Structure formats: structure tokens, C-alpha cells
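Chemist: Handing you a structure now.
2 protein chains.
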Amino acid sequence: MTKYLLLAVLTGFFTQAKAAPAPSNGIDLPRTYKNWRVIGVSHRDDNQSLRAITGNATAIQAARKGKTDPWPDGTILGKLVWKDSRHPQWQPALVPGELVHIEFMVKDSKKYAATGGWGFARWRGMKLEPLNNDGGKPCFECHKAAASTDHVFTRPAPLP
Amino acid sequence: MTKYLLLAVLTGFFTQAKAAPAPSNGIDLPRTYKNWRVIGVSHRDDNQSLRAITGNATAIQAARKGKTDPWPDGTILGKLVWKDSRHPQWQPALVPGELVHIEFMVKDSKKYAATGGWGFARWRGMKLEPLNNDGGKPCFECHKAAASTDHVFTRPAPLP
Chain A
74 MTKYLLLAVL TGFFTQAKAA PAPSNGIDLP RTYKNWRVIG VSHRDDNQSL
124 RAITGNATAI QAARKGKTDP WPDGTILGKL VWKDSRHPQW QPALVPGELV
174 HIEFMVKDSK KYAATGGWGF ARWRGMKLEP LNNDGGKPCF ECHKAAASTD
224 HVFTRPAPLP
Chain B
74 MTKYLLLAVL TGFFTQAKAA PAPSNGIDLP RTYKNWRVIG VSHRDDNQSL
124 RAITGNATAI QAARKGKTDP WPDGTILGKL VWKDSRHPQW QPALVPGELV
174 HIEFMVKDSK KYAATGGWGF ARWRGMKLEP LNNDGGKPCF ECHKAAASTD
224 HVFTRPAPLP
């Protein structure tokens, strides 16, 4: 009897969901991010990386209606970033290598008024090490270049 | 009364879903493709394009479990392809320009036995002009380079 109880406890332990990583700049990792839809993709020559840009339901609805100036409160944009790797079977193709980080912009025009209405969060690598950089102020500094598009670089990619 | 009836009919006409495009190689456009999840991204130097690779529920389940050798029957992989464009606010970034095409690989090991178990479909541009190229045989010719990975070039990108 005790043996079966122990087995039940151990099974529960090993099948439970992975613990959430620590917050980044006070923001919790959006647990459903892997199920979000695509808004765009990009490749950066300056740091040899490939990116998928995704969004939560609020973001997708806004993107599809063209209502992104500004993006509505409740929007979360996700960016999944991998180092470039050459495809072994098709050399001219760059494909995802090692994961660099996953990062998110959370729109709350009141809470994040000091950083353009956006909260910035990032977790590095497969271990999801949280970035805590003065409430995302350095992130916002770079995003000022996109001030004319609500501090968001991504423009939703056209789809029929 | 007749006037209101006419108005109701016209409203119904203009708000109905867009008509489906003609099939490509006998395959219908998967109507829900815009809601599929991301499997990977790529950039091709040989034709200056950016791609998002997505999949239906069967594909996502297989990708996340690492059960892609072979991909199960019922898998549909989507590839959304745009011409490269330089980001006006961040020059080293390549971002989606004009849509080139959306294309799909449909796994049915019996139905498509002559082409590696895969049906190949493609619709060009925002007008979704269907490709009909001898049942996708020319597509299969190129995909033979990926014979060791079930004729699929895409490897699911790592995510924590």
C-alpha cells in the first residue's frame, strides 16, 4: 500500500508542469506563448539571428484589423530569437540554430507610461534566465527609433 | 418592405467569407492556416525571401514530441513566404515585404505515395493563384534532398 502511495506521489512530481521562471522586469512569462499566432518574421544582419514575431489574442485581433496605432492595452507581442545556422541540406538557407532568448512587449499605457506604454521582458536561453534591466529602460531607448509606430518595430506581414 | 429585404440580402452578400481559391494540385487551401502555430522560420539567400513555417494541430503535436521521423498522416505544414525588405527604422533588419506565396505539404502516406507521402500545394500572391504542376512532382524532386528527414527541410526550432 505504502509502495503504491509513493509511486503515485513520484508520478505526480515528475509529470507536473515545469516551474515558471522568475519574472523579468516584474513581468511573468506568458505561459501560453508557444500557442500564439504569427505576426511576422525577421532576420538581423547585425547580430546574425532569425526571429518569429507572435502575439496574444488582443495583438492578433489588432494586427488583422490594422488597429495598431496605437496597439491596444492588453496587447502582448512575443519575439522568439535564434542564432543563424546554415541548413545542412540547403546551404543558401539560414535556419534556427541555438535559442538566444524569448522576449515580450506588454502594452499597458498607464502602468508603463514611463517607457512608451510598454513593459519589456526577456528570458535568455533554454534555461529562461530573466533579464532585469532597470524596468526595461535600455530596451525603450532603442525602441524610440520606432516612436512613429507606437515604439514597435514589427509591422504585421501581409497575408491573404 | 422590399427595400429592407434587398438591404438584408446585399449585407449578407458583402459580409460573407471570401470565396475559397481554386485547389492546387487537387488540394484545397486549409482555411484556418492563419491560426496555426509556429514551427520555425528561415531566410533564403538564393531568392531573398523570409519564411514562417507553421503547422496544423497534428503537426504541432508531432513536432513538440519529436515524433517527426516520419511525420504522422494528417500533418499539414504551412510555409508563408515574403520577399526581403529592409526595415526603414532599423537598416540591418530584413523584414517581410510583398507576399510571394503560401504553400503547404500534406502528409498522406498512401494517397501521395508517389511523392514521398506528401501532397504539395501553393497559392501565389495576395490573389492566391493556385499552382498546378503535375501533382507536385517538381516540388518532390527538390525535396528529395531532405529524404533523410521524411522529405521535410524544416526542423522544429528549439523553444523552452
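First to last, the protein sequences are chains A and B.
All letters in the first sequence, in the order written, are residues 74 to 233 by my numbering.
All letters in the second sequence, in the order written, are residues 74 to 233 by my numbering.
Note that CB positions come from ideal geometry on N, CA and C, so glycine has one too.
Quick caveat: nothing in here was measured; it's all calculated off a predicted structure.
Identify the contact partners of S182 of chain A in chain B, using a Cβ-Cβ distance below 7 Å as the criterion.
Modeler: Taking the first sequence and counting its residues from 1, the one referred to as residue 182 of chain A is at position 109. Result: empty, since nearest Cβ-Cβ is about 21 Å, beyond 7 Å.
Chemist: Between F213 of chain B and the ligand FAD, is the CB less than 7 Å from at least one heavy atom?
Modeler: Absent from the structure shown: the ligand FAD. Ligands present: none.
Chemist: Taking 6 Å as the limit between beta carbons, can you name the residues of its chain near S182 of chain A, skipping five residues before and five after?
Modeler: To locate residue 182 of chain A, count along the first sequence from 1; it is residue 109. Counting only Cβ-Cβ distances below 6 Å, and skipping sequence neighbours, we find D146, G190.
Chemist: Reducing DSSP to helix, strand and coil, say where S221 of chain B ends up.
Modeler: Along the second sequence, one-based indexing puts residue 221 of chain B at 148. Note: S221 of chain B maps to helix in three-state DSSP.
Chemist: Check whether the Cβ atoms of G170 of chain B and W109 of chain B lie closer than 8 Å to each other.
Modeler: Counting from 1 along the second sequence, the entry for residue 170 of chain B is found at position 97. Counting from 1 along the second sequence, the entry for residue 109 of chain B is found at position 36. Cβ distance not < 8 Å, so G170 of chain B and W109 of chain B don't count as in contact.
Chemist: Tell me whether S221 of chain B is buried or exposed, calling it buried when 16 or more other Cβ atoms sit within 10 Å of its Cβ.
Modeler: Sequence index remark: in the second sequence, residue 221 of chain B carries index 148 (1-based). Under this definition S221 of chain B is an exposed residue.
Chemist: Using CA atoms only, rank isn't needed, just tell me which of A:T141, A:L201, A:Y185 is closest to C212 of chain A.
Modeler: Looking up residue 212 of chain A in the first sequence gives position 139. With distances taken between Cα atoms, C212 of chain A lies closest to A:Y185.
Chemist: Using DSSP bridges, identify the partner residues of D157 of chain A.
Modeler: Indexing the first sequence from 1 puts residue 157 of chain A at position 84. The secondary-structure analysis by DSSP pairs D157 of chain A across a beta bridge with A:P169.
Chemist: Identify the contact partners of M199 of chain B in chain A, using a Cβ-Cβ distance below 9 Å as the criterion.
Modeler: Numbered from 1 along the second sequence, position 126 holds the residue referred to as residue 199 of chain B. P231, L232, P233, listed in chain order.
Chemist: Given that a residue counts as buried once 16 or more other Cβ atoms are within 10 Å of its Cβ, and exposed if not, what is R104 of chain B?
Modeler: Here residue 104 of chain B refers to the residue found at position 31 of the second sequence. Residue environment analysis places R104 of chain B among the exposed positions, since fewer than 16 neighbouring C-beta atoms fall within 10 angstroms of its C-beta.
Chemist: In or out: R159 of chain A buried (at least 16 other Cβ within 10 Å) or exposed?
Modeler: Sequence index remark: in the first sequence, residue 159 of chain A carries index 86 (1-based). So R159 of chain A ends up on the exposed side.
Chemist: How would you list, in chain order, the residues of chain B whose beta-carbon sits under 7 Å from the beta-carbon of W163 of chain A?
Modeler: For the purposes of this step, residue 163 of chain A is identified with residue 90 of the first sequence, where counting begins at 1. Correct list: A218, F226.
Chemist: Under DSSP, the beta strand (DSSP E) around A194 of chain A begins and ends at which residues?
Modeler: The count along the first sequence starts at 1 and reaches residue 194 of chain A at position 121. Element bounds for A194 of chain A: 191-197.
Chemist: Apart from the five residues on each side of it in sequence, which residues of its chain come closer than 8 Å, Cβ to Cβ, to V154 of chain B?
Modeler: Here residue 154 of chain B refers to the residue found at position 81 when the second sequence is read from its first residue. Contacts found: S122, L123, R124, L172, V173, H174, I175, E176.
Chemist: Thinking just about the alpha-carbon of each residue, which of B:P233, B:V168, B:L204, B:R228 is nearest to the one in P231 of chain A?
Modeler: Start at 1 with the first residue of the first sequence, and residue 231 of chain A comes out as number 158. Per the Cα distances, B:V168.
Chemist: So I126 of chain A is in the beta strand (DSSP E); what residue range does that whole segment cover?
Modeler: To locate residue 126 of chain A, count along the first sequence from 1; it is residue 53. Following the DSSP letters along the chain, one finds I126 of chain A inside the beta strand (DSSP E) bounded by residues 122-128.
Chemist: Relative to chain A, which residues along the stretch 90-121 of chain B have a C-beta separation below 7 Å, given in chain order?
Modeler: K107, N108, R110, V111, G113, V114, S115, H116, R117, D118, D119
Chemist: Just to confirm my understanding: we take P94 of chain B, look at its own chain, exclude 5 residues before and 5 after, and list those with CB closer than 7 Å. What are they?
Modeler: Counting from 1 along the second sequence, the entry for residue 94 of chain B is found at position 21. Same-chain partners within the cutoff: L102, W196, L201, P203.
Chemist: Have a look at R117 of chain A and K107 of chain A and give me their C-alpha separation to the nearest angstrom.
Modeler: Here residue 117 of chain A is taken as the residue at index 44 of the first sequence, counted from 1. Here residue 107 of chain A is taken as the residue at index 34 of the first sequence, counted from 1. A direct Cα-to-Cα measurement between R117 of chain A and K107 of chain A gives close to 22 Å.
Chemist: K210 of chain A lies in the alpha helix (DSSP H); which residues open and close that run?
Modeler: For the purposes of this step, residue 210 of chain A is taken as the residue at position 137 of the first sequence. Start and end: 210-216.
Chemist: Express the C-alpha separation of T148 of chain B and G99 of chain B in angstroms, rounding to a whole number.
Modeler: Walking along the second sequence from the start, residue 99 of chain B turns up at place 26. Walking along the second sequence from the start, residue 148 of chain B turns up at place 75. Answer to the nearest angstrom: the Cα atoms are 17 Å apart.
Chemist: Within 10 angstroms of the Cβ of K217 of chain A, are there 16 or more other Cβ atoms? Answer buried if so, exposed if not.
Modeler: In the first sequence, the residue the question calls residue 217 of chain A occupies position 144. Looking at its Cβ environment, which holds fewer than 16 other Cβ atoms inside 10 Å, K217 of chain A is exposed.
Chemist: What's the gap between the Cα of I112 of chain B and the Cα of V225 of chain B?
Modeler: As a position in the second sequence, residue 112 of chain B is number 39, starting the count at 1. As a position in the second sequence, residue 225 of chain B is number 152, starting the count at 1. Approximately 12 Å between the Cα atoms of the pair.
Chemist: How many angstroms separate the CA atom of G139 of chain A from the CA atom of Q162 of chain B?
Modeler: On the first sequence, residue 139 of chain A is found 66 positions in, with the first residue counted as 1. On the second sequence, residue 162 of chain B is found 89 positions in, with the first residue counted as 1. About 19 Å.
Chemist: Which residues in the same chain have their Cβ closer than 7 Å to the Cβ of A135 of chain B, if we skip the five residues on either side of it in sequence?
Modeler: By 1-based counting over the second sequence, the position of residue 135 of chain B is 62. For A135 of chain B, where only same-chain residues beyond five positions count, the Cβ hits under 7 Å are T141, W144, P145, T148.
Chemist: Would you report the Cα separation of G128 of chain A and M178 of chain B, rounded to the nearest angstrom?
Modeler: Here residue 128 of chain A refers to the residue found at position 55 of the first sequence. Here residue 178 of chain B refers to the residue found at position 105 of the second sequence. Straight-line Cα distance between these residues: approximately 25 Å.
Chemist: Apart from the five residues on each side of it in sequence, which residues of its chain come closer than 6 Å, Cβ to Cβ, to I126 of chain B?
Modeler: Mapped onto the second sequence, residue 126 of chain B falls at position 53. Here the set comprises I112, G113, K152, T227.
Chemist: In the DSSP assignment, find the unbroken beta strand (DSSP E) run with S235 of chain A in it and report its ends.
Modeler: Past the edges of chain A, shown from 74 to 233, lies residue 235 of chain A, and the structure says nothing about it.
Chemist: Taking the C-alpha atoms as reference points, what is the distance between E214 of chain A and A166 of chain B?
Modeler: Indexing the first sequence from 1 puts residue 214 of chain A at position 141. Indexing the second sequence from 1 puts residue 166 of chain B at position 93. For E214 of chain A and A166 of chain B, the distance between alpha carbons rounds to 18 Å.
Chemist: Report yes if the CB atom of M199 of chain B is closer than 8 Å to the CB atom of P233 of chain A, and no otherwise.
Modeler: Along the second sequence, read from residue 1 onward, the residue named residue 199 of chain B stands at position 126. Along the first sequence, read from residue 1 onward, the residue named residue 233 of chain A stands at position 160. In contact: M199 of chain B and P233 of chain A (Cβ atoms closer than 8 Å).
Chemist: By the criterion of Cβ-Cβ separation under 7 Å, what are the contact partners of T127 of chain B in chain A?
Modeler: Translated into positions along the second sequence, residue 127 of chain B becomes position 54. Ordered by position in chain A, the residues that pass the 7 Å Cβ test against T127 of chain B are V111.
Chemist: Would you say A187 of chain A and S97 of chain A are within 8 Å of each other, going by their C-beta atoms?
Modeler: Here residue 187 of chain A refers to the residue found at position 114 when the first sequence is read from its first residue. Here residue 97 of chain A refers to the residue found at position 24 when the first sequence is read from its first residue. No, the Cβ-Cβ distance between A187 of chain A and S97 of chain A is not below 8 Å.
Chemist: Are the C-beta of R195 of chain A and some C-beta of chain B separated by less than 8 Å?
Modeler: Here residue 195 of chain A refers to the residue found at position 122 of the first sequence. It does not; no Cβ of chain B falls within 8 Å.
Chemist: Can you look up K91 of chain A in the DSSP assignment and give me helix, strand or coil?
Modeler: Taking the first sequence and counting its residues from 1, the one referred to as residue 91 of chain A is at position 18. Correct three-state label for K91 of chain A: coil.
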